[in-house]
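Chains as they are written, first to last, in the numbering used here: chain A, 1 to 676; chain B, 677 to 1352; chain C, 1353 to 2028.
Glycine included, every Cβ here is placed at the ideal spot set by N, Cα and C.
Input: a single structure, listed below in structure tokens.
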Amino acid sequence: MKNIESFFTELALGVAYYDEYIKEERLQEDIKLMKEAGIGLVRIAESTWSTLEPQPDTYNFYHIDRVLDAMHGAGIKVMVGTPTYAIPPWLFKRHPEVMAETPEGVNQYGHRQKMDITNKDYLFYSERIIRKLVEHVCDHPAVVGYQVDNETKHYDTAGPEVQEKFIKFLQKKFNTLEELNDKFGLDYWSNRVNDWEDFPSAIGSINSSLNTAFKGFQLSLVKDFLKWQCDLIREYARDDQFITHNFDYDWRDYSFGVQKDVHHYEASLPLDLIGIDVYHPSQDELTGCEIAFCGDSARNLKHQPYLVIETQAQGHVGWLHYPGQLKLQALSHVASGASMVAYWHWHSLHNGCETYWKGILSQDFIPGRTYKEVQEINEVFKKISPYMKGYMVENSAAIMIDMHSLLALEDMKKYGHDLDYNMEIRRYYDALYAMNMGCDIVHQEDIKLNQYKLVIVPALYSVSDDVLDKLVSYTKSGGIVIYGMRSGFSDEHVKVRTEQQPGRITKSCGVTYSQFTLAKRTNLKNPKSVQGEKEDLRLDSKSLIELLKPSENTETLYSYDHPHWKEYSAITLAKDGGGTSVYVGCCPDKTVIKQIYKELINKEDLKAPDISFPIIIRQGINRDGQKIVFMFNYSGKIQTCQWEEENGVNLLTHVKVKSSQNISLSPWGYAIYLIS
Amino acid sequence: MKNIESFFTELALGVAYYDEYIKEERLQEDIKLMKEAGIGLVRIAESTWSTLEPQPDTYNFYHIDRVLDAMHGAGIKVMVGTPTYAIPPWLFKRHPEVMAETPEGVNQYGHRQKMDITNKDYLFYSERIIRKLVEHVCDHPAVVGYQVDNETKHYDTAGPEVQEKFIKFLQKKFNTLEELNDKFGLDYWSNRVNDWEDFPSAIGSINSSLNTAFKGFQLSLVKDFLKWQCDLIREYARDDQFITHNFDYDWRDYSFGVQKDVHHYEASLPLDLIGIDVYHPSQDELTGCEIAFCGDSARNLKHQPYLVIETQAQGHVGWLHYPGQLKLQALSHVASGASMVAYWHWHSLHNGCETYWKGILSQDFIPGRTYKEVQEINEVFKKISPYMKGYMVENSAAIMIDMHSLLALEDMKKYGHDLDYNMEIRRYYDALYAMNMGCDIVHQEDIKLNQYKLVIVPALYSVSDDVLDKLVSYTKSGGIVIYGMRSGFSDEHVKVRTEQQPGRITKSCGVTYSQFTLAKRTNLKNPKSVQGEKEDLRLDSKSLIELLKPSENTETLYSYDHPHWKEYSAITLAKDGGGTSVYVGCCPDKTVIKQIYKELINKEDLKAPDISFPIIIRQGINRDGQKIVFMFNYSGKIQTCQWEEENGVNLLTHVKVKSSQNISLSPWGYAIYLIS
Amino acid sequence: MKNIESFFTELALGVAYYDEYIKEERLQEDIKLMKEAGIGLVRIAESTWSTLEPQPDTYNFYHIDRVLDAMHGAGIKVMVGTPTYAIPPWLFKRHPEVMAETPEGVNQYGHRQKMDITNKDYLFYSERIIRKLVEHVCDHPAVVGYQVDNETKHYDTAGPEVQEKFIKFLQKKFNTLEELNDKFGLDYWSNRVNDWEDFPSAIGSINSSLNTAFKGFQLSLVKDFLKWQCDLIREYARDDQFITHNFDYDWRDYSFGVQKDVHHYEASLPLDLIGIDVYHPSQDELTGCEIAFCGDSARNLKHQPYLVIETQAQGHVGWLHYPGQLKLQALSHVASGASMVAYWHWHSLHNGCETYWKGILSQDFIPGRTYKEVQEINEVFKKISPYMKGYMVENSAAIMIDMHSLLALEDMKKYGHDLDYNMEIRRYYDALYAMNMGCDIVHQEDIKLNQYKLVIVPALYSVSDDVLDKLVSYTKSGGIVIYGMRSGFSDEHVKVRTEQQPGRITKSCGVTYSQFTLAKRTNLKNPKSVQGEKEDLRLDSKSLIELLKPSENTETLYSYDHPHWKEYSAITLAKDGGGTSVYVGCCPDKTVIKQIYKELINKEDLKAPDISFPIIIRQGINRDGQKIVFMFNYSGKIQTCQWEEENGVNLLTHVKVKSSQNISLSPWGYAIYLIS
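Written out as structure tokens, the structure is:
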């Protein structure tokens, strides 16, 4: 791992740049405009394989060379992407079998990211172009780093060869076929496999254990592929060059949550720096929540600053920013720990399917209001950069994410059970965000529980005894755990536990249950009626409710408002050793989640400011131990609040701020304070 | 046919039991709990082929033997299912072509019921495992009977071999190709087949006659398959063992209506006893209507009691019963004529896709409130069994169902015409059920019209002249027929009749029409305004309306409330000979259907109690000629009513009940009376 | 081109007649009824290939001969259709590869119009049956003309052979592959093709330029196919026989707009006469708008009268006409310039998938109210025919349609951008129709701009510089152009222009813009509040808005009502030379479009009557220069208005009408006046 600060000593602005795509002669004019807007880095070459290698083993570095030279001349750094995520026509023509076979059939050529990343021909040609490209550019002084591939995923590749590798993967994982049959429960519906030769494709399986194992195997393919690219590049890369990748997030028309097709933590291990792509709603729908979520997740992969490799400039057609929003967004990235904010892309494409997904310039190349707002961002970056050295965010709360639980719950959707892991994460995260309670997003494999006062585990559906035991001992030693519904339900093979639910956390949580049903007309009931005023006690009629029975010393925070389920608890709180376990047996509204946090703030050593959304506070500590406080107004109206921190100074106006002083933020405005 | 009473002398409770699926050692503990709950029968072995025959021609009877011995030791009877509905991986691996080819493509391996039940390899291996299994168990004293396969259907198998058989089927049915072309109208869109060699696959056809014939042919495949299994078993079965099958119903997230993929009547002929699987909404949506419908249908297949082989214990996730509901349901089955109520299943599965479809015990094996309610059911069963000997339901009304009409209307849906045969059946049935007017559901091929006072034929879309003529002569001789819309429209080959509509029943019904359209903004109008108070006169805007012209002596019960259609009748009543024909030219609300019944009660020799839903009355006569009256409260509130029958006695409390006395039923409660 | 009046000297009624489909002996009776209803022409033979040629090279002219003879005997003319749109089973059996391969896979046999119209086997057999049929009938005195095929489209045929032809098409169109790559922007996502051998199938492409070119190529296949059939027939046809085709329209459950799978103008060139099929909502949804739209389009293909070859009799199940509507419809066709109104079909089919799509007679063959209304139409036709000689409609407004823009916008839908070309056309057309402003629909390739005072170009998304330049010079020389949104945006290769938007019309329109977004909560604002009273200023939240900046002398008709977009214009008007350019940067409600028209009426030399929908006025000039004015009441209520024309006479009642006199029209009624 390389230290990001050796590459990014100041906050940087970047763009993706495609000299290949633009038929006008623009290079010198573009560089002039970039310089005037403070663009410090361009990303090139990803997605241009057919231009780079127009025919097999014939190479054309025209665009690469001229861009590298020109950028170098202007003092703009270049990050070179490997072009492997979009294959040239000749590769498909020669080896049609490079297209992935998925449960929906064999992919067609045309769209990007449709090949099988394990296919040997694809890998052969990929290796060759990577070696040729990196060898060609590695000594160029403009090149500061590499991006391996682009938003890599497994694309659900599931053909016979993948299947074969999966079986080998299972053979390694299990001592015997007998053991596999038993752990996965394959006797069900006559799916028992009594000879490895008989192993059927996972595609048609109705066995959650097998399906989830296969999805987990697919995650490992992505990890292996990225590592393989990193290893290839390292044969050429200079010491002062980094390797990164642009991870993206679960896409629900925008970056919504944990990426289900990549294990970010495992896949990030071979990288030097973490890069991410973040896209989000804008205009009146801009909340900053996705920027914060992705940042809180990216920062914790290597526990250091990260790069925003792609985010929206003009963005998709419905996202055209209001005045000020672009600045608000860029500073929000920085506040979460980003060292660079790079836009996709410099000028908008004239052909293809993304002509309405626009860059800093429109297709007319005229610098407009978006370009001007980027210039303003650069001004702010320059002013605050000196104070941002070593800026790092530290939080006392964390959400622990578990890929296996995510995959297992995804599989349950096939059978009509729609508990969505990312919705559960967002339920807990969004409430924290709105309350300005800082939070890390950390993978189960990487989390250091004792670092936190509060750990939230939403829907920990499928984990080993070991993981649950660690959480329990964390609680006993003083930690607070909030368990989301279904936690503990099944083991690491998605076998429902034979113990009383919620399995090994029963005692720590002080609850048991053996029945669950749909909420339908069930609401929640808050026994402390006064506090409940602002809560939305309704439950989604199609969501699950667990019929919890609390132990003697367990406090019921919420029970069910239903003629037949009123005797059961819905959300409980129990002391266990020095700590506290909260168990949430339903999918409550965020207002209820906030009440849980407030309950913990009242009872435990947890803190939250009085200020809340639409004013968002994000903060960190710089190398000199100074606190930097970012205040954002995520609304179209002026917002005022009282300064709750110690005395500080506004980094841009140099005006001082005192405790309890009133602060006013303009619409979509911001303020940045230094407390030293 | 064997008499069910030789096997089930008392009301029985049963469960499905899968020793193969459960990795814990549970057998003795399970049997102890079963005995305490009065479980008298377990069903085993269906769906376990891969455990029974782990490799081709290698058998393992471990689970079979230990369960048979243990059950026998405890006095619990065992029904053995043939395991053929879920094939083992090795069979698929050796013979991938056993998977059915359907209009959607070739099925994948994994899910159950995806094979081609006519494939010769499938049949070869099926025969071998059936013979091995039945030979192995047939002499065991615990074995009282067999279930052939499981919820068998044709799974839309339509590959080339099925196609070939279909052509042979057509060749038998029609004297010449010319005749087929003419009856089916294949000249349309150049589909005329002039040489049998040219016969194209039915999959792409847009000819309703051909499509419906093919669907009818597929029904015959199910019949043949079940008969073939019965014949195999009979080579081994003892005289004191029965053969049954668990028929299921049209599935619309629950057992909704007539199964469109099996001709229950024809398929039931080779069986000794009728078994059915019934699943239905629960909690506030529990009405008992599906229990009654399935029962009224099953009882009439062999005109004797039947077995409920599967019904819900905890059920699907949204069906978890309220206190009392499980008991209400079990007694409702009995009231319809069931001799056994068996649950799917004993304990809930730990793997697979049905872990949320739970049995009597949850995955934690702890006897909970569901188990306890089963114990209570056993107590009631024991008390009433002596009086239930020879219990048989006799009704004066019947709904006649016609599979060909169902299939033809299904085909019409492809062209955007959504008249749903089962919706039509339920329209008429549900109104009868709510009014406590007992009703048989009888197949057209089996009905004895003269046995009934009232026969309802919903949407008799495609039948021969002969069927219509029989209905007309039944009317003439004093019967009442209610014809649902579209009745008589097309002949048995789905050729629209060239006579004036409604074809051969025109005269009997005293109506004609030659135009029909969509209801859109058309409502019904009841000429007798007083009676119409409680009716919902709206029509679904997308439903058909026929523009009926009544004959001189025909009474218009309802006309259309629409500026241009007001001159036409919607529902008519005509006397024909000694009887009455009601013709319904639209899809009215159930409240309108009830008015039709009330009209008939006023005018004809029909009867209904004053008590109606949510109080449900079901009754029958036992061997001693005593009337048993079941009263059910299908609501969460206390219900009271006046006893309308002769003096009787409550079979559980032994308290007497007198005519006109007030009766009170607790929420989801019941009462059972004997009138001797 | 032949003059339609040499074939249709009087207004004619027609029907499609299928002797092959009807198994009853009906011919003489049908002819008797036809004569009594004034049916003057029957169309036969299309879709009956399997009857005509029951086995390869074996022919059966039984039905053809008997119908021709009988019709001739009765003085009814016959139009013979080639039967090629529905292939016989034997052709599929022998050459399964005749079925089209589309992006959804290879079509199944059964439905019509599923073959590949470029397949050589299909063409071989088609040629043979066409030659045999036409040779057989061409000398028969009853035969007045031919219909080539039926509603031909390309059926999205896209298999390897079509692909190969497409590449040849591209090779002809572009000088070099380099040029193609650059114009289409294929570098994007590595799609650049560096050797023609590598050219991948267009099916998977995400390149709008390539996709649109492929769709354009598919249009040319239809054109070639129809021309090929015409050429074949001309080898046999007599001089007094015409060749036509029944074009149909974009189908959205009815004939909605421009057919996207045929270039009507180009495909019509080899025909003698234009024929169209028009189907539309009826009952309360009948507006006459589709009849007018299809007529205004058909009439302008050859600038002469046209034939309605198919329209609804009883129609689809929801379209059953109210009394009077059939007459209203027939006269509306005539008022648009139709010489014949033919119904699909004579009697309703007894089999197949269209039994609910009914003809003049129902399946019972009894002449009912539909038949009687046809008789009434005949009476009117007879009365007005003498005055309709040479009747031609002349309009001062035109909508210019551009197939390439339509195809390019269709492709954009794949990427989530739902601007619908036909919706845009209808937006402008429907407002004209409602205001009784006559309008021609003319193809871009054929339009003579100077013939019109007003030309509307909705969403002219993808055209060459040349087309835009012609529009601008038309404006300069005094014309009025209304440009719909997105006009000028991309060039003829769907490459977004690098000039400032709206490209080459910027100066003429006096507006520029470089950003656009979704309307969401944006409304329009009409600066002249008084006039705006009746407008609906809301925009569809999902529709695009362009943020227009007007030049100094440009008038803003509408701006945006939104906090951040209020500085931008939405709809502008600019004088350019002697004319006027209106630019519409959004998708406004029809009430706003009407305001634009009113604005132009106020300012320019445009006219519209004071009478508007539901009273519809359509008019034309006959051979003697007399004006014929049709007034239609498209509502179920009596409508009155003042006569705005000079004195005239009612052609049916012979009553005179004077200027300013009150006129009253009965529900769904009409009046026809002669002004000489």
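Asked	Found
Which residues, taken in chain order from the region 1239–1252 of chain B, show a beta carbon closer than 8 Å to some beta carbon of chain F?	No chain F is present in this structure, whose protein chains are A, B and C.
Contact between the region 1779–1793 of chain C and the region 1964–1972 of chain C is defined here as three or more beta-carbon pairs at a separation below 8 Å; is this criterion met?	yes
Short of 7 Å in beta carbon distance, which residues of its chain neighbour A/C172, apart from the five on each side in sequence? Order them along the chain.	The question names Cys, but residue 172 of chain A is Lys in the sequence shown. Excluding sequence neighbours, A/K172 sits near nothing in its chain.
Using beta carbons (cut-off 8 Å, strictly below), is C/R1544 in contact with chain A?	yes
Please list the residues of the region 315–335 of chain A that have a C-beta atom closer than 8 Å to any C-beta atom in chain C, keeping them in chain order.	V317, G318, W319, L320, Y322, P323
Taking the continuous alpha helix (DSSP H) assigned at C/L1680, which residues delimit it?	1677–1688
Just the chain B side, please: which residues come within less than 9 Å of A/P200 by C-beta, in chain order?	P765, F768, K769, Q784, Y785, G786
Which residues in chain B have a C-beta closer than 7 Å to the C-beta of A/R203? List them in chain order.	One point to set straight first is that residue 203 of chain A is Ile, not Arg, in the sequence displayed. The contacting residues are Q784.
Show which residues of chain C have a CB atom less than 7 Å away from the CB atom of A/D364.	T1850, E1851, Q1852, Q1853, S1866
Can you give me the Cβ contacts of C/W1548 inside the same chain, cut-off strictly under 8 Å, excluding the 5 residues immediately before and after it?	I1519, Q1523, L1529
Just to make sure I have the definition right: I need the residues of chain A whose C-beta is within less than 8 Å of the C-beta of B/L1025. Which are they?	G185, Y188, V496
CB A/M631 to CB A/L665, shorter than 8 Å?	yes
At what residues does the beta strand (DSSP E) containing A/D576 begin and finish?	569–576
In terms of DSSP beta bridges, what is C/I1834 paired with?	C/I1808, C/V1934
Work out the CA separation of B/G1164 and B/S1190 for me, nearest whole Å.	13 Å
Leaving out five residues before and five after B/V1260 in sequence, what residues of the same chain have Cβ atoms less than 7 Å from its Cβ?	I1158, Y1159, G1160, M1161, I1247
Count the other C-beta atoms from every protein chain shown that fall within 10 angstroms of the C-beta of A/P667, then say buried if there are 16 or more, exposed otherwise.	buried
Using a Cβ-Cβ distance under 8 Å, would A/T517 count as near chain B?	yes
Report yes if the CB atom of C/S1649 is closer than 8 Å to the CB atom of C/I1793, and no otherwise.	yes
Helix, strand or coil for B/T828? Go by DSSP, reduced to three states.	coil
Relative to the alpha-carbon of B/S682, which residue among B/M1088, B/Q1315, B/K1065 has its alpha-carbon at the smallest distance?	B/K1065
With A/T554 as the anchor, note down where its beta strand (DSSP E) starts and where it stops.	Looking at the DSSP string, A/T554 is not in any beta strand (DSSP E), and its letter there is neither H nor E.
Just how far apart, CA to CA, sit B/D1078 and B/S931?	18 Å
So with CB distances below 9 Å, who are the chain B contacts of A/I690?	Any answer about residue 690 of chain A is impossible in this case: the structure gives chain A only from 1 up to 676.
Measure the beta-carbon distance from A/D149 to A/H245 and round it to whole angstroms, keeping in mind my assumption that it falls under 8 Å.	7 Å
Which runs of the alpha helix (DSSP H) at least 4 residues long sit entirely within the region 1411–1460 of chain C? Give them in chain order.	1414–1426, 1441–1446
Could you check what DSSP says for A/E310 in three-state terms: helix, strand or coil?	strand
Of the residues C/Q1727, C/E1844, C/Y1804, which one's Cα is nearest the Cα of C/L1759?	C/E1844
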